[in-house]
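J.: Here it is, the structure, as C-alpha coordinates.
Residue numbers (the UniProt record's numbering): 1 to 319.
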(Lines of atoms letter the chains of each structure in order from A and count residues from 1; the text may use other names and numbers.)
(Lines give C-alpha, C1' and ligand atoms only; values in the text may rest on other atoms or scores of the structure.)
Protein backbone atom coordinates (compact mmCIF):
# COMPACT_ATOMS: atom_id res chain seq x y z
CA UNK A 1 0.00 0.00 0.00
CA UNK A 2 1.23 3.53 -0.68
CA UNK A 3 2.22 5.55 2.37
CA UNK A 4 3.53 8.99 3.14
CA UNK A 5 6.06 7.92 5.77
CA UNK A 6 9.39 9.65 5.48
CA UNK A 7 11.30 8.76 8.64
CA UNK A 8 14.89 7.77 7.88
CA UNK A 9 14.69 9.10 4.34
CA UNK A 10 16.20 12.21 2.87
CA UNK A 11 14.06 15.11 1.70
CA UNK A 12 15.62 16.79 -1.34
CA UNK A 13 14.86 20.19 -2.80
CA UNK A 14 15.71 21.49 -6.27
CA UNK A 15 17.24 24.96 -6.50
CA UNK A 16 15.74 27.60 -8.76
CA UNK A 17 19.08 27.89 -10.49
CA UNK A 18 19.20 24.16 -11.02
CA UNK A 19 15.69 24.31 -12.46
CA UNK A 20 16.88 26.81 -15.01
CA UNK A 21 19.83 24.64 -15.97
CA UNK A 22 17.63 21.57 -16.33
CA UNK A 23 14.57 23.22 -17.81
CA UNK A 24 14.18 20.56 -20.46
CA UNK A 25 13.56 18.02 -17.74
CA UNK A 26 10.81 20.00 -16.06
CA UNK A 27 7.13 20.41 -16.91
CA UNK A 28 5.21 23.42 -15.73
CA UNK A 29 6.58 23.46 -12.21
CA UNK A 30 5.69 26.61 -10.39
CA UNK A 31 9.14 26.99 -8.90
CA UNK A 32 12.11 25.21 -7.42
CA UNK A 33 13.57 25.18 -3.95
CA UNK A 34 16.92 24.36 -2.52
CA UNK A 35 18.84 21.77 -0.54
CA UNK A 36 20.16 24.82 1.27
CA UNK A 37 17.01 26.18 2.93
CA UNK A 38 17.92 29.76 2.16
CA UNK A 39 16.26 31.22 -0.92
CA UNK A 40 17.36 33.71 -3.52
CA UNK A 41 14.80 36.18 -2.17
CA UNK A 42 16.51 36.17 1.21
CA UNK A 43 13.90 34.07 2.99
CA UNK A 44 14.02 30.63 4.50
CA UNK A 45 12.39 27.72 2.73
CA UNK A 46 9.87 25.94 4.96
CA UNK A 47 10.70 22.38 5.88
CA UNK A 48 8.72 19.75 4.03
CA UNK A 49 6.14 18.25 6.41
CA UNK A 50 6.99 14.63 7.14
CA UNK A 51 4.14 13.42 9.35
CA UNK A 52 2.45 10.25 8.18
CA UNK A 53 -1.25 10.96 7.62
CA UNK A 54 -1.93 8.13 5.18
CA UNK A 55 -0.65 4.69 6.19
CA UNK A 56 -3.36 4.07 8.82
CA UNK A 57 -6.19 4.45 6.29
CA UNK A 58 -8.11 1.22 5.75
CA UNK A 59 -9.70 -0.25 2.66
CA UNK A 60 -13.45 0.27 2.24
CA UNK A 61 -14.71 -2.96 0.71
CA UNK A 62 -17.97 -1.47 -0.57
CA UNK A 63 -16.20 1.32 -2.42
CA UNK A 64 -13.43 -0.97 -3.67
CA UNK A 65 -16.09 -3.27 -5.15
CA UNK A 66 -17.01 -0.50 -7.60
CA UNK A 67 -13.65 -0.76 -9.36
CA UNK A 68 -13.51 -2.67 -12.67
CA UNK A 69 -12.35 -6.28 -12.54
CA UNK A 70 -8.98 -5.61 -14.18
CA UNK A 71 -8.04 -3.10 -11.47
CA UNK A 72 -9.25 -5.38 -8.69
CA UNK A 73 -7.35 -8.38 -10.04
CA UNK A 74 -4.12 -6.46 -10.56
CA UNK A 75 -4.37 -4.58 -7.29
CA UNK A 76 -2.87 -1.59 -9.06
CA UNK A 77 -4.20 1.73 -10.31
CA UNK A 78 -2.05 3.39 -12.97
CA UNK A 79 -1.72 7.11 -12.27
CA UNK A 80 -0.41 9.38 -15.01
CA UNK A 81 1.18 12.44 -13.43
CA UNK A 82 4.13 14.81 -13.71
CA UNK A 83 7.26 14.57 -11.61
CA UNK A 84 7.76 18.21 -10.78
CA UNK A 85 7.60 20.32 -7.64
CA UNK A 86 4.70 22.71 -7.34
CA UNK A 87 2.08 21.75 -9.90
CA UNK A 88 1.86 18.00 -9.33
CA UNK A 89 2.09 18.07 -5.56
CA UNK A 90 0.85 21.43 -4.35
CA UNK A 91 1.78 23.40 -2.41
CA UNK A 92 5.37 22.36 -1.72
CA UNK A 93 7.94 20.95 -4.09
CA UNK A 94 10.28 18.31 -2.80
CA UNK A 95 11.27 14.70 -3.19
CA UNK A 96 11.81 11.78 -0.84
CA UNK A 97 13.98 8.99 -2.24
CA UNK A 98 13.36 10.33 -5.75
CA UNK A 99 9.57 10.49 -5.40
CA UNK A 100 7.61 13.77 -5.23
CA UNK A 101 5.88 14.65 -1.97
CA UNK A 102 3.05 17.10 -1.42
CA UNK A 103 -0.66 17.60 -0.95
CA UNK A 104 -1.72 15.87 -4.15
CA UNK A 105 0.52 12.86 -3.54
CA UNK A 106 -0.85 12.36 -0.03
CA UNK A 107 -4.43 12.65 -1.30
CA UNK A 108 -3.82 10.19 -4.13
CA UNK A 109 -2.13 7.71 -1.80
CA UNK A 110 -5.01 8.05 0.66
CA UNK A 111 -7.58 7.40 -2.06
CA UNK A 112 -5.62 4.34 -3.18
CA UNK A 113 -5.72 2.96 0.35
CA UNK A 114 -9.50 3.39 0.56
CA UNK A 115 -9.76 1.50 -2.74
CA UNK A 116 -7.37 -1.20 -1.54
CA UNK A 117 -4.98 -0.79 -4.48
CA UNK A 118 -1.43 0.36 -5.04
CA UNK A 119 -0.95 3.66 -6.87
CA UNK A 120 1.44 2.99 -9.75
CA UNK A 121 2.80 6.44 -10.65
CA UNK A 122 3.91 6.88 -14.25
CA UNK A 123 5.38 10.20 -15.29
CA UNK A 124 4.77 12.26 -18.39
CA UNK A 125 4.48 15.90 -19.40
CA UNK A 126 1.45 18.03 -18.59
CA UNK A 127 0.14 18.04 -22.21
CA UNK A 128 0.56 14.26 -22.45
CA UNK A 129 -1.55 13.18 -19.47
CA UNK A 130 -5.07 13.76 -20.82
CA UNK A 131 -4.34 12.01 -24.15
CA UNK A 132 -2.73 9.21 -22.13
CA UNK A 133 -5.93 8.78 -20.14
CA UNK A 134 -8.03 8.83 -23.31
CA UNK A 135 -5.94 6.18 -25.07
CA UNK A 136 -5.74 3.88 -22.05
CA UNK A 137 -2.10 4.38 -21.15
CA UNK A 138 -3.17 5.70 -17.74
CA UNK A 139 -6.26 4.65 -15.80
CA UNK A 140 -6.23 7.92 -13.86
CA UNK A 141 -4.65 11.29 -14.59
CA UNK A 142 -3.57 13.68 -11.85
CA UNK A 143 -1.79 16.91 -12.75
CA UNK A 144 -3.86 19.69 -11.13
CA UNK A 145 -6.48 19.53 -13.88
CA UNK A 146 -9.13 22.22 -13.48
CA UNK A 147 -12.64 21.25 -14.54
CA UNK A 148 -13.43 22.86 -17.90
CA UNK A 149 -16.23 22.32 -20.39
CA UNK A 150 -13.84 21.17 -23.11
CA UNK A 151 -12.14 18.65 -20.84
CA UNK A 152 -15.44 17.24 -19.62
CA UNK A 153 -16.28 16.38 -23.22
CA UNK A 154 -13.41 13.87 -23.34
CA UNK A 155 -12.71 12.75 -19.75
CA UNK A 156 -14.58 12.31 -16.47
CA UNK A 157 -13.63 14.27 -13.36
CA UNK A 158 -13.64 13.25 -9.70
CA UNK A 159 -12.94 16.47 -7.81
CA UNK A 160 -10.72 16.56 -4.72
CA UNK A 161 -9.41 20.13 -4.26
CA UNK A 162 -10.03 23.70 -5.33
CA UNK A 163 -7.37 25.85 -6.93
CA UNK A 164 -7.43 29.01 -8.95
CA UNK A 165 -5.88 30.79 -11.87
CA UNK A 166 -3.61 33.63 -10.85
CA UNK A 167 -0.67 35.77 -11.90
CA UNK A 168 2.92 36.08 -10.78
CA UNK A 169 4.46 39.34 -11.98
CA UNK A 170 7.79 41.10 -12.25
CA UNK A 171 8.64 44.61 -11.10
CA UNK A 172 7.53 45.89 -14.50
CA UNK A 173 3.94 45.31 -13.39
CA UNK A 174 2.89 48.43 -11.49
CA UNK A 175 -0.51 47.24 -10.31
CA UNK A 176 -0.47 45.78 -6.80
CA UNK A 177 -3.29 43.27 -7.31
CA UNK A 178 -5.07 41.74 -10.28
CA UNK A 179 -8.83 41.33 -9.93
CA UNK A 180 -9.78 40.52 -13.53
CA UNK A 181 -8.08 39.05 -16.56
CA UNK A 182 -8.13 42.46 -18.24
CA UNK A 183 -5.47 43.58 -15.77
CA UNK A 184 -3.03 41.49 -17.81
CA UNK A 185 -3.55 43.56 -20.96
CA UNK A 186 -0.38 44.98 -22.45
CA UNK A 187 1.91 42.50 -20.72
CA UNK A 188 3.95 39.53 -21.96
CA UNK A 189 2.56 36.34 -20.46
CA UNK A 190 4.12 32.91 -20.09
CA UNK A 191 1.88 29.89 -19.50
CA UNK A 192 1.31 26.25 -20.49
CA UNK A 193 -0.26 24.91 -23.69
CA UNK A 194 -3.36 22.79 -23.35
CA UNK A 195 -4.07 24.28 -19.94
CA UNK A 196 -7.02 26.07 -18.37
CA UNK A 197 -4.86 29.19 -18.56
CA UNK A 198 -4.67 28.97 -22.35
CA UNK A 199 -8.44 28.40 -22.46
CA UNK A 200 -9.13 31.51 -20.40
CA UNK A 201 -6.79 33.67 -22.47
CA UNK A 202 -8.42 32.50 -25.69
CA UNK A 203 -11.95 32.94 -24.35
CA UNK A 204 -11.11 36.51 -23.33
CA UNK A 205 -9.25 37.46 -26.50
CA UNK A 206 -11.39 40.57 -27.05
CA UNK A 207 -11.19 41.93 -23.52
CA UNK A 208 -8.23 44.24 -24.05
CA UNK A 209 -9.74 45.95 -27.09
CA UNK A 210 -12.99 46.44 -25.20
CA UNK A 211 -11.07 48.08 -22.37
CA UNK A 212 -9.12 50.28 -24.76
CA UNK A 213 -5.85 48.63 -23.76
CA UNK A 214 -3.10 47.00 -25.83
CA UNK A 215 -3.46 43.25 -26.15
CA UNK A 216 -1.44 40.80 -24.12
CA UNK A 217 1.31 38.76 -25.77
CA UNK A 218 1.35 35.08 -24.87
CA UNK A 219 4.18 32.57 -25.09
CA UNK A 220 3.47 28.90 -24.38
CA UNK A 221 5.97 26.56 -22.73
CA UNK A 222 5.61 22.89 -21.84
CA UNK A 223 8.05 23.32 -18.96
CA UNK A 224 8.50 26.14 -16.50
CA UNK A 225 12.25 26.64 -16.80
CA UNK A 226 11.87 29.10 -19.71
CA UNK A 227 9.04 30.90 -17.89
CA UNK A 228 11.14 31.33 -14.77
CA UNK A 229 14.09 32.47 -16.85
CA UNK A 230 11.88 34.83 -18.87
CA UNK A 231 10.62 36.50 -15.71
CA UNK A 232 14.17 36.97 -14.46
CA UNK A 233 15.74 38.22 -17.69
CA UNK A 234 12.91 40.61 -18.57
CA UNK A 235 11.51 38.73 -21.57
CA UNK A 236 8.26 37.95 -19.71
CA UNK A 237 6.19 40.11 -17.39
CA UNK A 238 3.66 37.61 -16.07
CA UNK A 239 3.33 33.92 -15.28
CA UNK A 240 -0.31 32.80 -15.57
CA UNK A 241 -0.59 29.63 -13.51
CA UNK A 242 -2.13 27.79 -10.54
CA UNK A 243 -2.64 30.08 -7.57
CA UNK A 244 -1.28 27.71 -4.94
CA UNK A 245 1.95 27.21 -6.86
CA UNK A 246 2.40 30.88 -7.65
CA UNK A 247 2.01 31.92 -4.03
CA UNK A 248 4.79 29.48 -3.20
CA UNK A 249 6.85 30.67 -6.18
CA UNK A 250 6.82 34.28 -5.03
CA UNK A 251 9.47 33.57 -2.40
CA UNK A 252 11.51 31.37 -4.73
CA UNK A 253 11.80 33.40 -7.95
CA UNK A 254 13.76 36.61 -7.38
CA UNK A 255 12.10 39.86 -8.39
CA UNK A 256 8.57 38.48 -8.58
CA UNK A 257 5.39 38.95 -6.58
CA UNK A 258 2.05 37.21 -6.47
CA UNK A 259 -0.64 39.46 -7.94
CA UNK A 260 -3.69 37.51 -6.89
CA UNK A 261 -6.24 35.02 -8.14
CA UNK A 262 -8.79 35.95 -10.78
CA UNK A 263 -10.67 32.65 -11.10
CA UNK A 264 -11.41 29.75 -8.77
CA UNK A 265 -12.15 26.26 -10.04
CA UNK A 266 -12.51 22.67 -8.85
CA UNK A 267 -9.60 20.35 -9.62
CA UNK A 268 -9.93 16.62 -9.99
CA UNK A 269 -8.63 13.24 -10.96
CA UNK A 270 -9.48 12.42 -14.57
CA UNK A 271 -10.44 9.09 -16.10
CA UNK A 272 -11.59 7.87 -19.49
CA UNK A 273 -15.13 8.97 -20.32
CA UNK A 274 -17.63 6.55 -18.80
CA UNK A 275 -15.04 4.67 -16.75
CA UNK A 276 -16.38 3.14 -13.51
CA UNK A 277 -13.17 4.29 -11.85
CA UNK A 278 -14.32 7.92 -11.63
CA UNK A 279 -17.37 7.24 -9.40
CA UNK A 280 -15.19 5.04 -7.19
CA UNK A 281 -12.70 7.90 -6.82
CA UNK A 282 -15.53 10.26 -5.85
CA UNK A 283 -16.71 7.83 -3.18
CA UNK A 284 -13.16 7.33 -1.90
CA UNK A 285 -12.57 11.08 -1.51
CA UNK A 286 -15.91 11.48 0.26
CA UNK A 287 -15.01 8.61 2.57
CA UNK A 288 -11.81 10.46 3.52
CA UNK A 289 -13.83 13.61 4.14
CA UNK A 290 -16.26 11.75 6.41
CA UNK A 291 -13.48 10.14 8.48
CA UNK A 292 -11.55 13.38 8.93
CA UNK A 293 -8.48 12.05 7.14
CA UNK A 294 -9.01 14.48 4.28
CA UNK A 295 -8.89 17.45 6.65
CA UNK A 296 -5.73 16.10 8.29
CA UNK A 297 -3.96 16.00 4.92
CA UNK A 298 -4.89 19.61 4.20
CA UNK A 299 -3.80 20.64 7.69
CA UNK A 300 -0.44 18.95 7.12
CA UNK A 301 0.18 21.07 4.03
CA UNK A 302 -1.35 24.20 5.59
CA UNK A 303 -3.93 24.84 2.86
CA UNK A 304 -7.30 24.15 4.56
CA UNK A 305 -8.97 26.83 2.46
CA UNK A 306 -8.49 24.75 -0.68
CA UNK A 307 -10.43 21.73 0.57
CA UNK A 308 -13.75 20.74 -0.98
CA UNK A 309 -16.93 20.09 1.03
CA UNK A 310 -17.55 16.99 -1.07
CA UNK A 311 -16.14 15.29 -4.13
CA UNK A 312 -18.30 15.47 -7.24
CA UNK A 313 -18.45 13.62 -10.54
CA UNK A 314 -18.25 16.04 -13.47
CA UNK A 315 -19.44 19.23 -11.75
CA UNK A 316 -20.55 22.19 -13.82
CA UNK A 317 -17.68 24.27 -15.14
CA UNK A 318 -17.62 28.04 -15.32
CA UNK A 319 -15.40 28.09 -18.42
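The beta-carbon is built from N, C-alpha and C at its ideal position, and this holds for glycine as well.
Alpha carbon to alpha carbon, how far is residue 259 from residue 220?
T.: Their Cα atoms are separated by approximately 20 angstroms.
J.: Keeping to the same chain, check which residues put their C-beta closer than 8 angstroms to that of residue 206; ignore five residues upstream and five downstream.
T.: No residues qualify anywhere along the chain.
J.: Determine the direct distance from the alpha carbon of residue 268 to that of residue 144, and round the result to whole angstroms.
T.: Looking at the two C-alpha atoms, the distance is approximately 7 angstroms.
J.: For residue 286, collect the residues of the same chain with a Cβ closer than 7 angstroms to its Cβ; drop the 5 residues on either side in sequence, then sort them by chain order.
T.: Counting only Cβ-Cβ distances below 7 angstroms, and skipping sequence neighbours, we find 310 and 311.
J.: Are there 16 or more other CB atoms within 10 angstroms of the CB of residue 154, so buried, or fewer, so exposed?
T.: It counts as exposed.
J.: Would you check if the distance between the CB atom of residue 319 and the CB atom of residue 50 is smaller than 7 angstroms?
T.: No, they are not a contact pair.
J.: If we call anything under 7 angstroms between Cβ atoms a contact, is residue 263 one with residue 164?
T.: In contact: residue 263 and residue 164 (Cβ atoms closer than 7 angstroms).
J.: Spell out a yes or no on whether the region 117-127 and the region 233-240 are touching, meaning 3 or more CB-CB pairs, one atom from each, closer than 8 angstroms.
T.: Not touching, per the Cβ criterion.
J.: Could you check how far apart the C-beta atoms of residue 160 and residue 314 are, in whole angstroms? I think they sit under 8 angstroms.
T.: The Cβ separation is near 13 angstroms, so there is no contact.
J.: Return the Cβ separation of residue 173 and residue 78 in integer angstroms, given the expectation that the two are a contact with Cβ distance under 8 angstroms.
T.: No, residue 173 and residue 78 are not in contact; Cβ-Cβ is about 41 angstroms, not under 8 angstroms.
J.: Let's test the definition: count the other Cβ atoms within 10 Å of the Cβ of residue 99 and tell me whether it reaches 16, buried, or not, exposed.
T.: The residue is exposed, with fewer than 16 neighbouring Cβ atoms inside 10 Å.
J.: Quick check on the DSSP output: the alpha helix (DSSP H) that includes residue 139 runs from which residue to which?
T.: Segment: none, residue 139 is in no alpha helix (DSSP H) and carries neither H nor E.
J.: Which whole runs of the alpha helix (DSSP H) in the region 248-284 are 4 residues long or more, in chain order?
T.: Complete alpha helix (DSSP H) runs here, min 4: none at all.
J.: For the region 100-114 against the region 56-64, are there 3 or more C-beta pairs whose distance is under 8 angstroms?
T.: Yes, the region 100-114 is in contact with the region 56-64.
J.: Might you give, ordered along the chain, the residues of its own chain that have their beta carbon closer than 7 angstroms to the beta carbon of residue 124, omitting 5 neighbours on each side?
T.: Only 80, 82 and 132 meet the Cβ criterion.
J.: Pick helix, strand or coil for residue 307, following the three-state DSSP scheme.
T.: Correct three-state label for residue 307: coil.
J.: DSSP three-state label for residue 169, please.
T.: Strand, per DSSP.
J.: Which residues mark the beginning and the end of the beta strand (DSSP E) in which residue 312 is found?
T.: Run containing residue 312: none; DSSP gives neither H nor E here.
J.: Can you find the residues in the same chain that come closer than 7 angstroms, C-beta to C-beta, to residue 250, ignoring five residues on each side of it along the sequence?
T.: Counting only Cβ-Cβ distances below 7 angstroms, and skipping sequence neighbours, we find 168, 256, 257 and 258.
J.: Whole angstroms is fine: what's the gap from residue 276's alpha carbon to residue 303's?
T.: C-alpha separation (whole angstroms): 30 angstroms.
J.: Give me the DSSP bridge partner(s) of residue 118.
T.: Answer by DSSP bridge pairing, in chain order: 76.
J.: Could you spell out where the alpha helix (DSSP H) holding residue 57 opens and where it closes?
T.: Element bounds for residue 57: n/a, residue is neither H nor E.
J.: Does residue 187 come out as helix, strand or coil in the three-state DSSP assignment?
T.: Coil, per DSSP.
J.: Along the beta strand (DSSP E) that carries residue 241, what are the first and last residues, could you check?
T.: Residue 241 -> beta strand (DSSP E) spans 238-242.
J.: Have a look at 308, 142 and 179 and flag the residue whose alpha-carbon is nearest the alpha-carbon of residue 290.
T.: Residue 308 is the option with its Cα nearest to residue 290.
J.: Does DSSP put residue 158 in a helix, a strand or coil?
T.: Here residue 158 sits in strand by DSSP.
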